[in-house]
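One line per chain: the protein sequences are A and B, in this order.
Under our numbering, the first residue of the first sequence carries the number 39, and numbering increases by one thereafter.
Under our numbering, the first residue of the second sequence carries the number 39, and numbering increases by one thereafter.
Glycine included, each C-beta is placed from N, C-alpha and C at the ideal position.
The structure displayed is predicted, hence computed values, not measured ones.
Below is one structure, written out as C-alpha cells; comments come after it.
2 protein chains.
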Amino acid sequence: MASEIKPPVIILVKPQLGENIGTAARAMYNGGLASMRLVAPRSGWPDPSALKPSAGAYDIIMDAKVFETTREAISDLHLVYATTARMRDMNKPTFTPKQAVEALHDAIAKDVRVGILFGPERTGLENDDLSLVNGLIHIPLNPDFTSLNLAQAVLIMAYEWFQTLNIEGNRKPLRSQPPLASKSELLDFFDQLESELDRTGFLRVLHKRPVMVRNIRNIFQRLSLTSQEVKTLRGVIGSFARPYLKD
Amino acid sequence: MASEIKPPVIILVKPQLGENIGTAARAMYNGGLASMRLVAPRSGWPDPSALKPSAGAYDIIMDAKVFETTREAISDLHLVYATTARMRDMNKPTFTPKQAVEALHDAIAKDVRVGILFGPERTGLENDDLSLVNGLIHIPLNPDFTSLNLAQAVLIMAYEWFQTLNIEGNRKPLRSQPPLASKSELLDFFDQLESELDRTGFLRVLHKRPVMVRNIRNIFQRLSLTSQEVKTLRGVIGSFARPYLKD
C-alpha cells in the first residue's frame, strides 16, 4: 500500500535562480519527493546551474517539466495547496505543514492527484496564483524572522511529508537494542559492588548502610544496563579489588 | 512562564566554512533560537564570510562563543543531544527531532540547561563527541538520500523547536525532579574514575583504552544523573582510591 503512494508534485512558480531549483530538488529528494514542475523559470530550462547544488538529485532535475503558466502546471491535479510566508487575508483554509501533508496523504490514498505550490524567491505567490489553490500552508516560524529561502521551505514540506510515511516507524523503537542484563546478572553485580564497598569502609556507618545501598542500586537500575555493560562494570569493580599495580 | 523559556544552545563542532555558520544562524533565527557555540571552527573566528549568508541573523553571529573542545563547549549544560545522519551502533536513546525537542522543552521548564550538537559538514560527529551526550537525534529522511547540509539539519531542529512553543496549552504538568548534574560535574567524575582505572591497570592495554573509556562513559551518560548521584558515585570511587582498611 505505502509503496503505491504517489507523492505530491512540487511546483515552483517563476523561480529566479537555477541554483535554487537545484537545492530545492535536493530537499525534495531528502523527503522522498520526486516530481518537480517549473512555471516560467527566469533563466530558462534546462539550466546547468541547477545540477551541482542538487547534490546528486539529478533525476528530479532531469525529469522536471516546464509550463508557461501556473494554471497549466496544475491542470491535471485535483488538490493543490500553496505555501505562503505571511498570513494572507483570503478566505481559504490555512494549514500548518503537518496538517497539510496529512490531508494530502489521505487524499492520495483515495487516488487524488495532489501538489504543493511555492512562489518566487523574493516576492512569493501572487493573488492570481493563490486563487487557483484549495488551501494555504503557513509555516509557523519566529514572527521576527520568517524569511525562508526556497529550498528551506521545500525542505520543511518534504521533511513533514516523509514523517507521514514514517508514522509507524516512529511508533516502534528506532533500532534493535542489545540484550538487557537479567536481574540476576544485575544482582550479582550489586553483591560484588557492595562487598567491595564494605571492604573499603564506604558503607561502614551501619545505620546509613541501607539507604546508601538503595541509592547506589537505584542509580544502576535506572540505566537498563545491557548484559555487556554489566560485564564491563564488573571488570571495573574487579580491578579496584586487586592490589594496585603501582602506588 | 513561556516567555522565560531559555531555548536550547546550538553547538556546531568543527564547522568547515564560515558560510555554513551563517546559514545555520539564519535557520536558528527562523526557529527562535539565539545561542550559538562553535568548537574549533576551521577558518577561525570571527569569520566575515558568515555574515552575508546569515541573511540578517547578525546578533547570533556576533554573540557566538568559541571553544577549543566539545567538552568545554558543553560543560555548563545538563542535557545535550547530538544529531547524527546515520544510525550509530551505540546504546544511547535515539529520538526523532520532534521527540527530542519535546524532551528538551520539558527539561528547560525545570531549569535544566540544554543543547544540541551538530557535527562537521562532511564527516559528522566523532564517537568521542557522542560519548559526551545523553541521546542521539536521528532525522528520518529518504534512506536513499539522507545527505543534509549543516543549515538544513539546524533548520529542521529549529522548526521543530518552534512548534513546541506553539502547543504550550497541550503540554502536561511537570513533576518536580532533583537537579541534574551539569556536564562539568559529570566530566570531573569521569576524570576521577578513569585516573583510578589507569592506576589499577584496568585500562592498561593502550590500543583498547579509547573504546573502553567510551563504553564506560556511555553507561553513565545514559543515566541523566542528578547532581547528588554524581556526588555518591564520586564517593564510591574515592573509597576505592584509599588503601583498604583490612584485607
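For a quick check, are the C-beta atoms of residue i and residue j less than 8 Å apart?
{"i": "residue 98 of chain B", "j": "residue 135 of chain B", "result": "no"}
{"i": "residue 179 of chain B", "j": "residue 186 of chain B", "result": "yes"}
{"i": "residue 106 of chain A", "j": "residue 78 of chain A", "result": "yes"}
{"i": "residue 280 of chain B", "j": "residue 238 of chain A", "result": "yes"}
{"i": "residue 88 of chain B", "j": "residue 56 of chain B", "result": "yes"}
{"i": "residue 218 of chain B", "j": "residue 265 of chain B", "result": "yes"}
{"i": "residue 224 of chain B", "j": "residue 263 of chain B", "result": "yes"}
{"i": "residue 152 of chain A", "j": "residue 116 of chain A", "result": "yes"}
{"i": "residue 82 of chain B", "j": "residue 45 of chain B", "result": "no"}
{"i": "residue 65 of chain A", "j": "residue 193 of chain A", "result": "yes"}
{"i": "residue 286 of chain B", "j": "residue 76 of chain B", "result": "For chain B, the structure presents residues 39 to 285; residue 286 of chain B sits outside this window and is missing."}
{"i": "residue 146 of chain B", "j": "residue 49 of chain B", "result": "no"}
{"i": "residue 121 of chain B", "j": "residue 167 of chain B", "result": "no"}
{"i": "residue 232 of chain A", "j": "residue 251 of chain A", "result": "yes"}
{"i": "residue 177 of chain B", "j": "residue 196 of chain B", "result": "no"}
{"i": "residue 228 of chain A", "j": "residue 247 of chain A", "result": "no"}
{"i": "residue 259 of chain B", "j": "residue 172 of chain B", "result": "yes"}
{"i": "residue 51 of chain A", "j": "residue 73 of chain A", "result": "no"}
{"i": "residue 68 of chain A", "j": "residue 278 of chain B", "result": "no"}
So is residue i buried or exposed if we call it buried at 16+ other beta carbons inside 10 Å?
{"i": "residue 130 of chain B", "result": "buried"}
{"i": "residue 276 of chain B", "result": "exposed"}
{"i": "residue 234 of chain B", "result": "buried"}
{"i": "residue 274 of chain B", "result": "buried"}
{"i": "residue 213 of chain B", "result": "Only weak support is given to the placement of residue 213 of chain B: the predicted model assigns it a pLDDT of 43, under 50, and the value that follows is read from those uncertain coordinates. Per the 10 Å Cβ criterion, exposed."}
{"i": "residue 85 of chain A", "result": "buried"}
{"i": "residue 221 of chain B", "result": "buried"}
{"i": "residue 161 of chain B", "result": "exposed"}
{"i": "residue 143 of chain B", "result": "buried"}
{"i": "residue 209 of chain B", "result": "The predicted model places residue 209 of chain B with a pLDDT of 40, which falls under 50 and marks its position as unreliable; any figure quoted below should be read in that light. Under this definition residue 209 of chain B is an exposed residue."}
{"i": "residue 150 of chain A", "result": "exposed"}
{"i": "residue 58 of chain A", "result": "buried"}
{"i": "residue 207 of chain B", "result": "A caution first: residue 207 of chain B carries a pLDDT of 40, below 50, which makes its placement in the model unreliable, though a value can still be read off. Burial call: exposed."}
{"i": "residue 243 of chain B", "result": "exposed"}
{"i": "residue 110 of chain A", "result": "exposed"}
- Message: Quick check for students: name the residue ranges of the alpha helix (DSSP H) that lie wholly in the region 50 to 125 of chain B, counting only runs of 4 or more.
- Response: Complete alpha helix (DSSP H) runs here, min 4: 56 to 68, 96 to 101, 108 to 111.
- In chain order, what residues of the region 86 to 112 of chain A put their CB closer than 8 Å to some CB of chain B? Cβ contacts with chain B come from 93, 94, 95.
- Between the region 156 to 170 of chain A and the region 84 to 103 of chain A, are three or more C-beta pairs nearer than 8 Å? The region 156 to 170 of chain A, when compared against the region 84 to 103 of chain A, does not touch it at the 8 Å Cβ threshold.
- For the region 182 to 245 of chain A, which segments carrying the alpha helix (DSSP H) assignment without a break, of at least 4 residues, lie completely within its bounds, in sequence order? Entirely contained in the region 182 to 245 of chain A, the alpha helix (DSSP H) runs reaching 4 residues are, in chain order, 188 to 203, 205 to 209, 221 to 238.
- Query: What are the residues of the region 114 to 135 of chain A that lie near chain B, defined by any Cβ-Cβ distance shorter than 9 Å?
  - Reply: The region 114 to 135 of chain A vs chain B, Cβ under 9 Å: 134, 135.
- Item | Entirely enclosed alpha helix (DSSP H) segments - the region 148 to 183 of chain B, minimum 4 residues | Runs found: 165 to 168.
- Using a beta-carbon distance cut-off of less than 7 Å, what residues from the region 186 to 204 of chain B approach chain A? If the cut-off is 7 Å between Cβ atoms, the region 186 to 204 of chain B has 186, 190, 193, 194, 197, 200, 201, 204 near chain A.
- Task: Below 7 Å between beta carbons is the criterion; list the residues of the region 157 to 182 of chain B that meet it against any residue of chain A, in chain order.
- Result: Correct list: 176, 178, 179, 180.
- For the region 216 to 245 of chain B, which residues have a CB atom closer than 9 Å to at least one CB atom of chain A, in sequence order? Taking 9 Å as the Cβ-Cβ cut-off against chain A, the residues of the region 216 to 245 of chain B that qualify are 231, 234, 235, 237, 238, 239, 240, 241, 242.
- Message: Using a Cβ-Cβ cutoff of 9 Å, what residues of the region 264 to 275 of chain A are near chain B? List them in chain order.
- Response: Listed in sequence order: 264, 266, 267, 270, 271, 273, 274, 275.
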